[in-house]
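Only one structure is covered here, and it is reproduced in the block below.
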Amino acid sequence: MTTWTIDGVREALAAKKVSARELAADFYKRIAERNPALNAYLMLSEERAYAQADRIDALVASGKPLPELAGVPIAIKDVISTKSVRTTCGSKILEHYVPPYDATAVERLEAAGAVILGKTNCDEFAMGSSNENSAYGPVRNPEATDRVPGGSSGGSAAAVAAGLAVASLGTDTGGSIRQPGSFCGIPAMMGSYGRVSRYGLIAFASSLDRIGPFATNARDVAATLKVIAGRDSNDSTSTTAPVPDYVTAMERPVKGMRVGIPKEYFGEGMDDGVRKKIEAGIELLKKMGCQLQEIHMAHTDYAIATYYIIATAEASSNLARYDGVRYGLRVDDSSLLAMYCKTRGAGFGAEVKRRIVLGTYVLSAGYYDAYYLKGQKVRALIAQDFRDAFTKVDVIVTPTSPVPAFKLGERTADPLQMYLADIYTVTGSLAGVPGMSVPCGKICGKLPVGLQIFGPAFGEASVLQLAHAFEQAGGASL
Amino acid sequence: MKISREDVERVAELAYLDLTEAELESYRQQIDDILEYIGKLDELDTTNVAPMAQVLADDQTADATLREDVVVPCRVTPEILEQAPDPEPPYFRVPKVIER
Chain A
1 MTTWTIDGVR EALAAKKVSA RELAADFYKR IAERNPALNA YLMLSEERAY
51 AQADRIDALV ASGKPLPELA GVPIAIKDVI STKSVRTTCG SKILEHYVPP
101 YDATAVERLE AAGAVILGKT NCDEFAMGSS NENSAYGPVR NPEATDRVPG
151 GSSGGSAAAV AAGLAVASLG TDTGGSIRQP GSFCGIPAMM GSYGRVSRYG
201 LIAFASSLDR IGPFATNARD VAATLKVIAG RDSNDSTSTT APVPDYVTAM
251 ERPVKGMRVG IPKEYFGEGM DDGVRKKIEA GIELLKKMGC QLQEIHMAHT
301 DYAIATYYII ATAEASSNLA RYDGVRYGLR VDDSSLLAMY CKTRGAGFGA
351 EVKRRIVLGT YVLSAGYYDA YYLKGQKVRA LIAQDFRDAF TKVDVIVTPT
401 SPVPAFKLGE RTADPLQMYL ADIYTVTGSL AGVPGMSVPC GKICGKLPVG
451 LQIFGPAFGE ASVLQLAHAF EQAGGASL
Chain B
1001 MKISREDVER VAELAYLDLT EAELESYRQQ IDDILEYIGK LDELDTTNVA
1051 PMAQVLADDQ TADATLREDV VVPCRVTPEI LEQAPDPEPP YFRVPKVIER
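Those protein sequences? They're chains A and B, same order as listed.
The first sequence runs 1 to 478 under my numbering.
The second sequence runs 1001 to 1100 under my numbering.
Here's what the structure looks like:
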């Protein structure tokens, strides 16, 4: 099976070695073979994909220059709106929902020539760390099918890792891009808050949600991010900060780059196998000429508590829109209030309801100051930790997850234990900084480990630069 | 115990969420554990800390958030109504709200 890259696709198209239509058909064939076992895709958008492929083939025939993602087969997480293509958020409440418009990120991918193959499975409303909270069944990790692919963007990670897409979009609220990237052994990136428009991303926690790419190499992550990044008038939190050419910027040498290693990310609870690989990764960074520095990020240990206040509070508010009136499921009743309660009770799954209850509680009269306000204050301290660190170092390196991919069902009984799996990723989510997971070897040659790289706000280029150099130096085969 | 069964019932009512008996009890226990864990934030003195009400710095949003107030027609009304469980174009129909 050929592993395609973005440049590889463009070159093959330009040289007429393959047509965009043949390539799309080849990927649909792979999906037909592999997806029944993996459950990575929930919905295929063949009509739309072939129409786009034909447009690209016409461009090739006319000899016109090909756009940067010409003919590249891409998968989209099912919380991101796709016009006329069913978008369920992994929830029964949106089982039959067909968005009337495209998310800006999707529109930009297609404008750059990408072929949207379909929608990928995820935890319901992106709430989960294992993809086991999908109403449409779990995704299996292509590297070890008795294990989870991570979550919540498990389908997007598994699709790319299994060769069922060249790249994909996921969303990250507390680690939902980086952690599945780590579990499936592929690079995965969350840009700074405000870097990619959230227009058309069905909201979970608006101050945390970010769209970002998965691919098989850092260069393709950079190329995909460049296409989707930048100001969008439909999202007032997307910034006007210019978008650098990440693909060129990442080629800069990393010798002398100041890399911070925060002590707080290497405490108890880390799997020994993960620790060994991360230590080997840090040794490799030294060999590459990076200047390593131990740093302190004093509030790291408070991040999970803070995150589960803020994320659930925002979720309880955002998910109020599912009321059985404008879209989605309705469970009938002669009273309006009973209709709301029954619809929401029947339409949402267990984890979503749990978070709505918790989020409503922390915002409710008498508890607001003790929980939500306290959470926002500690969030400020966590963000300050990052700002302070970036006065001393260019990037920060940590493990992505304390554990490798775990077995299906292993952690579902205790929600708090599942939340604690996000311990190294939620910090960057709260601070708004960019973060990326890059492959850092496999435990016993089997279970992938991810090295996480944080950069300062809008410092994606530095993150990608180190990710690319680490990959070139053999980080994935440590 | 941080949260009682009555608290969970009250919150579910505020959130317009029907919960089964089994859900009420399991959520009470699980949310109690989570709140217990969240209690560790009390170790931090945050008296003089300003809450982080937005993620972006002012210089990253000032030019982005302000725009002219221009009316732009919505061209997807029929598609939007098609998604409604009980549409009566151009309206959404709901169960009777006013009893008399």
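No residue lacks a Cβ here, since even glycine has one placed at the ideal position from N, Cα and C.
Indicate whether at least one CB of chain B lies closer than 8 Å to the CB of residue 380/A.
yes
Measuring alpha carbon to alpha carbon, tell me which residue in 184/A, 89/A, 416/A is nearest residue 446/A. 184/A
Kindly say whether residue 465/A, judged by its beta-carbon, lies nearer than 8 Å to any beta-carbon of chain B. Not one chain B Cβ lies under 8 Å of residue 465/A.
Inset, instruction - Count the C-beta pairs between the stretch 354-366 of chain A and the stretch 1010-1023 of chain B that are closer than 8 Å, then say yes if the count reaches three, no if not. - result: yes
Margin query: According to DSSP, is residue 290/A part of a helix, a strand, or is it coil?
Written below: coil
Legend entry - Interfacial residues, the stretch 400-428 of chain A to chain B, with Cβ spacing under 9 Å: For the stretch 400-428 of chain A, the set of positions with a beta-carbon nearer than 9 Å to some beta-carbon of chain B reads 414, 415, 416, 419, 420 in chain order.
Review point. Near residue 42/A, which residues of its chain fall below 6 Å by C-beta distance, leaving aside the five closest residues on each side in sequence?
Key: 78, 119, 121, 136
Ordered list of alpha helix (DSSP H) runs contained in the stretch 158-208 of chain A, each at least 4 residues
178-184
- Under 9 Å (Cβ pairs) to chain A, residues found in the stretch 1002-1026 of chain B: Per Cβ criterion, the list reads 1003, 1007, 1008, 1010, 1011, 1012, 1013, 1014, 1015, 1016, 1017, 1018, 1019, 1020, 1023, 1026.
- Where do the N-terminal and C-terminal ends of the beta strand (DSSP E) with residue 500/A fall, by residue? Here chain A covers residues 1 to 478 and nothing more, so residue 500/A does not appear.
_Counting only beta-carbon separations shorter than 8 Å, does residue 1091/B have a partner in chain A?_
no
### Query
For residue 342/A, does the count of other Cβ atoms within 10 angstroms reach 16, so buried, or fall short, so exposed?
Residue 342/A counts as buried, since at least 16 other C-beta atoms from the protein chains shown sit within 10 angstroms of its C-beta.
At least one CB of chain B closer than 8 Å to the CB of residue 79/A: is that the case? no
Q) When DSSP builds the beta bridges, which residues end up paired with residue 436/A? A) 189/A, 453/A
Is the stretch 320-335 of chain A in contact with the stretch 281-299 of chain A, if contact means three or more CB pairs nearer than 8 Å?
no
At which residues does the beta strand (DSSP E) containing residue 347/A begin and terminate? Where residue 347/A is concerned, there is no enclosing beta strand (DSSP E), although the alpha helix (DSSP H) around it starts and stops at 336-347.
Review point. Considering only the beta carbon of each residue, do residue 1052/B and residue 376/A sit closer than 8 Å?
Key: yes
Handout entry: Given 8 Å, three or more beta-carbon pairs between the stretch 391-402 of chain A and the stretch 446-456 of chain A
Key = Yes: the two stretches touch, three or more of their Cβ pairs being nearer than 8 Å.
Length of the line joining the Cα atoms of residue 2/A and residue 45/A: 22 Å
| said: Whole angstroms are fine: how far does the CA of residue 210/A sit from the CA of residue 352/A? | reply: 19 Å
Worksheet item: Can you name the residues of chain A whose CB is closer than 8 Å to the CB of residue 1097/B?
Response: 336
Nearest-angstrom Cβ-Cβ length linking residue 14/A and residue 60/A, presumed shorter than 8 Å
Contact holds; Cβ gap of about 7 Å.
message: My output table needs one value for residue 1068/B: the three-state DSSP class, helix, strand or coil.
response: coil
- Message: Counting only C-beta atoms, is residue 360/A closer than 8 Å to chain B at any point?
- Response: yes
| field | Same chain, Cβ closer than 6 Å to residue 147/A, five either side skipped, listed in chain order | value | 141, 405, 407
key: Listed by chain order, chain B residues near residue 345/A by CB distance under 7 Å   = The contacting residues are 1017, 1018, 1019.
In or out: residue 431/A buried (at least 16 other Cβ within 10 Å) or exposed? Residue 431/A is buried by the Cβ-count criterion.
query = Quick one: does residue 18/A have its CB under 8 Å from some CB of chain B?
reply = When Cβ-Cβ separations below 8 Å define contact, residue 18/A makes no contact with chain B.
### Query
What are the start and end residues of the beta strand (DSSP E) that includes residue 399/A?
First-last of the beta strand (DSSP E) with residue 399/A: 395-399.
Which partner residues of residue 44/A appear in the DSSP bridge assignment?
-> 118/A
> Is DSSP giving residue 326/A helix, strand or coil here?
Replying inline: Coil at residue 326/A, not helix or strand.
**Item:** Residues from the stretch 314-330 of chain A in contact with chain B, defined by Cβ distance under 7 Å
**Value:** 316, 324, 325, 326, 327, 330
Original post:
Is residue 1054/B buried or exposed, if buried means 16 or more other CB atoms sit within 10 Å of its CB?
Top reply: exposed
Within the continuous alpha helix (DSSP H) that includes residue 21/A, where are the two ends? Where residue 21/A is concerned, the enclosing alpha helix (DSSP H) stretches over 20-38.
- Task: Return the Cβ separation of residue 314/A and residue 206/A in integer angstroms, given the expectation that the two are a contact with Cβ distance under 8 Å.
- Result: Confirmed, Cβ separation roughly 6 Å.
Q) Whose C-alpha, out of 296/A, 172/A, 105/A, is nearest the C-alpha of residue 264/A? A) 296/A
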